[in-house]
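Protein chains in written order, with my numbering: chain X, 1 to 306; chain U, 307 to 650; chain E, 651 to 1164.
From the three backbone atoms N, C-alpha and C, an ideal C-beta is built for every residue, glycine too.
It should be emphasised that the depicted structure is a prediction, and the values quoted were computed from it without experimental measurement.
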Amino acid sequence: MLDFITPFLVNSAVQAITPLLLAALAGTLCGRVGVFNMALEGQMLVGAFAAVVGSYATGSALGGIAAAMLATVAFSLILAYGVTVFRGDAVVICVGMNLLASGLTAYLLRQMFGVSGTFSDPAIVGLEKIRIAAINGWPVIGWIFSRQTALTWVAWILVAVVTVVMFRTPLGLRLRGVGEDPEAAETMGVDVTRYRIITVLVAGAIVGLAGAQLSLGTVSIFSEDMSAGRGWIAVVAVMLGRNHPLWAALACVLFGFADAFSVRLQGQGLPNQVTDVVPYVVTLVALVLTHTKRRRRQDPTITASP
Amino acid sequence: MSDIARSARRLPRIPPVPLAILVGVVLGGLLVLVSGGNPVEAYTAIVTGALAWDNLPDTLNWAVPLVGMTLVAAIPLRGGMINLGGDGQMVIGGLVAALVPLYIPGPGPLLIVVAILAAMLASGLYATIAAWGETRHGIPMLISSLLLSYPAIGICSYIVGFPLRDTTTGLAQTAMVPEAVRLPVLSGPLNAGLLIMAVVAILVVLYDRFTVGGYELRMRGLNARFAGYGGVPLARQMTGVMFASGAIAGLVGALIVLGSQFRFQDGALLSPGYTWSGLMAALLAGGEPLGAILAGAFFAALQTGGFAMQRETSIPRVLTMVLQSIIILFLAIRHGVGRRRETR
Amino acid sequence: MMAGPAGVSPEVELEARGIVKRYGPLLANDRIDLVVARGEVHAVMGENGAGKSTLMSILYGLQQPDAGEIFLRGRKVEYRSALDAIAEGMGMVHQAFKLFNSLTVWENVVYGMEPSRSGFIDRRMAIARVGEIAARYRLAVDPTAVVGTLSVGVRQRVEILKALYRDARILILDEPTAVLTPQERDGLFDVIRHLAADGRTILFVTHKLHEVMTITGRVTVLRDGRVVERMATADTSPREIIRAMTGRAVNLKVEKSIAKPGAPVLVAEDLTVLSDDGRPLVDRASLSIRGGEIVGIAGVAGNGQTELIEALAGLRPPFRGRVSIAGQDVTAAGVDAHRVAGLAYIPEDRAVTGTARAASAADNLAMGFHRHPPLARHGLLDGRALTAGAKAMIARFGIKIGSEKLAVGTLSGGNLQKVVVARELTHRAPLLIAEQPTRGVDVGAIEFIHSELVAERDRGAAVLLVSAELSEILALADRILVMYEGRILAEVDAATATEEGLGLLMAGRVQEAA
């Protein structure tokens, strides 16, 4: 079993974790202010598409990242204003956003680049993998940290930043209050609507990064619906982490390894239809395991009676 | 909040759904215009493509699975629950419906019935897993129903890709089902599936209006606590609703396989996106079955028209998907479609 | 401004002139004038719906008046939000606490005004500051405790701390004793006296007469949105205040004959209900309610009454014990089995549990009885029976609604409660559980509901009454059970029960009560 943990597996797991982690962080931020963000899937797709467009147009990966963040923030306006000012139902809005993202990116892909399915072009500049010569040869540390994109680093730094801001600063205290009891926060003079809007938009920028990592990280292509359920897995990570960034990150690590592991299984000759399922099964198992404690308590003598 | 209420009053009084459609059409038209197309041409192509006499059968044919998947979403939604797992449930039904006639001998008409019932049973049972997760373990059905779709799709895909693959073709698909087990053709592209789905749709509407179960589901949707207090067994109800919802998804899969494709082909059931369109239609009507059926038929017309548009202009038919999502987003934001009606 | 009685001119801290607030056709505040002196404890009295809450919301900046002015220490102020009011030195302790249960006491207190050092919260400073204020006003609170673990009385102190941390000079207390034991209440009164002695002004909103007589210096009485009386507490009597509040002399005693109890209808033995984390919420409770008697359950909110009732009604499975209704064991059965066995149940919260606001009156009036004849046969609803039944109930109970097809969401509290009462009383069930049946309804509706409960008893039903109002229990019940920390601590004969004795029992002090 242990010989599965190869440098390549670890390295590709860390790569797989990055978009999940960024999206889950964004979901955690939204959850903390009381907005259940189920639109991560669609936001990620918009980010991935915009990243390719930006990179293609400017000829630089940085341009791609900027475009991804901008586009996803703009897209997130729907959620930010929809659930606050317009008091719409978050679930319906998120379902609509996911569909809109899927349709709009496919439409624009055809209209802008004249292709359907997958778009690849030498003009798309991918994210550079940062090699750190000093640690490259080290076991574990080198596997994890070397040859990763800057966004992987950003993701993990953001985990720390979000955690510190959330639990050590006045801003974080206010955000936590807004999510727990908006009415109480309002009576204490905190503008709940504004905090929510800004948080959802900042979260949008972070999911934009997740999208950029997806389309410019390991590959430099965009294909329709390329988020392929990762946004939903991030939603589960948010749920499992109970809106705590560190626990959500832990869940992402688990799912990332499951993902890398499934690729590895494919290399062992298992068909991809089976291995593709692995991350979802792991996700479901994690859900069941974390929820079994809440089983209803009852003395066994009662259920025995008619 | 009051400012918005006031400005809403100043708008011309168009009922919400037509207004949302209008907004969708305008925004979609702008999108076409920006990407260098002619919106008038596009919409003309959609309307004639969907509603011209010769094209009506195509629209009806497309409406059968779409209205079916609308019911799949509408039944739980009526009770304030959401089933996002339609894809997986439909695929299971499709595969079962293909395998029954291929591997079980028997007279054709009987096999049709057995295949359809087996498909409904399999999908219904699969759907109840999500309900069981929520009632027994408190895992939100919203997310588990969706996640359960992926293994179902993967495993079905594996089954037709490897052990039960039709080796005479290079594709991941089963062999063709025998002629005798195919649904009788009514005329042109229309087959008996249309009648079966019409009967199911009518039954759902009647159930909603006239039965104790329909009343209980409606009350649950308006206030679940109230329903529980009044003696509605919420857990059992959720399981039953998910079974019915999943069974109809299985029926949709079966009708497609036995009515038009005659085999289970990997991915073929999912690529039209019936599940999500159906969910949109159900949300549009807030789960009310008759309204949902109409909305589903409307989306079917829109999508059928989309094919014609793609043929006649260079505008891709995913435009119709964009239109649908704009309509639902507008309604959700502007008119609180799906807004929790319980007081907090 | 400086006009005061007989030479002494206490400085006026707060003055409101001609406050008007209208909600649609309802005039909630009609040209209200209010004058409060510095360091005074000033009672604002009135029945539910008299306009007290609206007036307080306006004084605290939560709502803006349609007309009228507010002066603080002689200076005119205008609030756009509660923030402006807080900045001017207003503080308010709401009836429903506005606290974050997952956060600590100090986090709750400093929320929105956090002491910080180089961008981070200065935790040590915050804790010290909160501890300091608590000590100064003798508010016994641990600043680092998590609010969710605290008792209701302590949470109230946290609310007061929040206001004092913002240096509130005027503190509005909205029905502050509703959730307290008599002993906790006395502790609160000590704190109030300290605050007043420190030159802070207290607006004490209540409808409890003896509290007004004990703690306040002046009283302003509201009725139907108007000020009907202003007086010094020392110069008035409870009788006079109540006449001002109601406009007539109300007899709070309910007319009823002596109970003639029959056979036991509801029997619970050794009933235990656990919380999700395994704590006993109801602890080995046994009770037996007979037909033809009203049994009251007294207790401070949160001592297991809600969970006991949920277990008795089938909404929450008990961990251990037995429940039977009219001889049928319904322990592990769902609500429907309880209903079939003979349960009618008026729940605590009519808007959240008792009705579906978006549903029609007919649908609301059918719930719970919709599975059986005459409303349903063979799984099919009888629409005609549903309509006829609803029409009959609307007429008999005087529910003010245009048609049985209309949604009940717009009905007033009293009318909505009548929908619930009508539904539960119409089917002549052998057992009636009534939880807070008159909370937040007007006097007329209270009298109506009380007489209906007595009528239920007199036709032979077993009635179990849970109420936060001791006066209601004393007026209606034939026997009284006192709940404390999930246990049924004592049974008292209503004929000999006193408010003081019950108060001690509600605080768990059995010896002293005996």
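Beta-bridge analysis with DSSP links E697 of chain E to no other residue.
Within the segment 525-550 of chain U, the residues whose Cβ lies closer than 7 Å to some Cβ of chain E are M525, L528, N529, R531, F532, G534, Y535, G536, G537, P539, listed in chain order. Per DSSP, reduced to three states, the secondary structure at I410 of chain U is coil, with no helix or strand assignment.
Counted as a single uninterrupted DSSP element, the alpha helix (DSSP H) harbouring F605 of chain U occupies residues 595-618. A residue is called buried once 16 or more other Cβ atoms fall within 10 Å of its Cβ, and W359 of chain U, having fewer, is exposed. Collapsing the DSSP output to three states places L1025 of chain E in coil. The Cβ neighbour count for G267 of chain X, taken over all protein chains shown within 10 Å, is under 16; the residue is labelled exposed. The beta carbon of G519 of chain U falls within 8 Å of a beta carbon belonging to chain E, placing the residue at that interface. Looking at E:S936, E:D817, E:S1101, the one whose alpha-carbon comes closest to that of D920 of chain E is E:S936. Taking 8 Å as the CB threshold, V200 of chain X stays off the interface with chain E. In this structure, the alpha-carbon of S707 of chain E lies about 48 Å from that of M627 of chain U. A direct Cα-to-Cα measurement between A913 of chain E and L1061 of chain E gives close to 39 Å. Nearest in C-alpha terms to N1014 of chain E, of all of E:R1089, E:V1116, E:A784, E:E1054, is E:E1054.
Taken in chain order, the members of the segment 709-742 of chain E whose beta-carbon sits within less than 7 Å of a beta-carbon on chain X are A732, L733, I736. Under the three-state reduction of DSSP, N136 of chain X is assigned to helix. From the listed residues E:S1010, E:V1069, E:G781, the smallest Cα separation to M1043 of chain E is found for E:V1069.
Closest option to M482 of chain U, judged by alpha-carbon separation, among U:V466, U:L496, U:N497, U:S493: U:V466.
Here the C-alpha atom of P888 of chain E lies approximately 35 Å from the C-alpha atom of Y815 of chain E. For the pair of segments examined, the segment 221-238 of chain X was found to touch the segment 103-111 of chain X: the number of CB pairs separated by less than 8 Å reaches three. If you look at S215 of chain X, you'll find it isn't in any beta strand (DSSP E); it sits in the alpha helix (DSSP H) that goes 192-216. A contact between stretches requires three or more CB pairs, one per stretch, nearer than 8 Å, and the segment 384-397 of chain U meets this requirement with the segment 574-583 of chain U. Listed in chain order, the positions of the segment 759-789 of chain E with a beta carbon within less than 7 Å of a beta carbon of chain X are Y761, G762, E764, S766, G769, F770, I771. The bridge partners DSSP lists for K129 of chain X are X:T149.
Taking 3 residues as the minimum length, the beta strand (DSSP E) runs contained wholly in the segment 972-1032 of chain E are 993-996, in order along the chain. Only residues of its own chain outside the window of five on either side were considered, and among them L931 have a CB closer than 6 Å to the CB of S925 of chain E, listed in chain order. Secondary structure at Q479 of chain U: strand, using DSSP grouped into helix, strand and coil. The beta-carbon of D986 of chain E is placed less than 8 Å from the nearest beta-carbon of chain U. Here the alpha carbon of L859 of chain E sits roughly 10 Å from the alpha carbon of A693 of chain E. The three-state secondary structure of M38 of chain X, taken from DSSP, is coil.
Note on geometry: alpha-carbon atoms of L811 of chain E and R196 of chain X lie some 27 Å from one another. Selection X:S12, X:L175, X:T283, X:M38 evaluated against G142 of chain X yields X:S12 as nearest (Cα-Cα). The beta carbons of R688 of chain E and G849 of chain E sit closer together than 8 Å. Not one beta carbon of chain U lies nearer than 8 Å to the beta carbon of L1114 of chain E. Under the Cβ distance rule, S752 of chain E counts among the residues neighbouring chain X, one pair being separated by less than 8 Å.
Buried is the label assigned to T187 of chain X, since at least 16 other Cβ atoms lie within 10 Å of its Cβ. Around L201 of chain X, the same chain offers V73, S76, A80 as residues with beta carbons nearer than 6 Å, after the five sequence neighbours per side are excluded.
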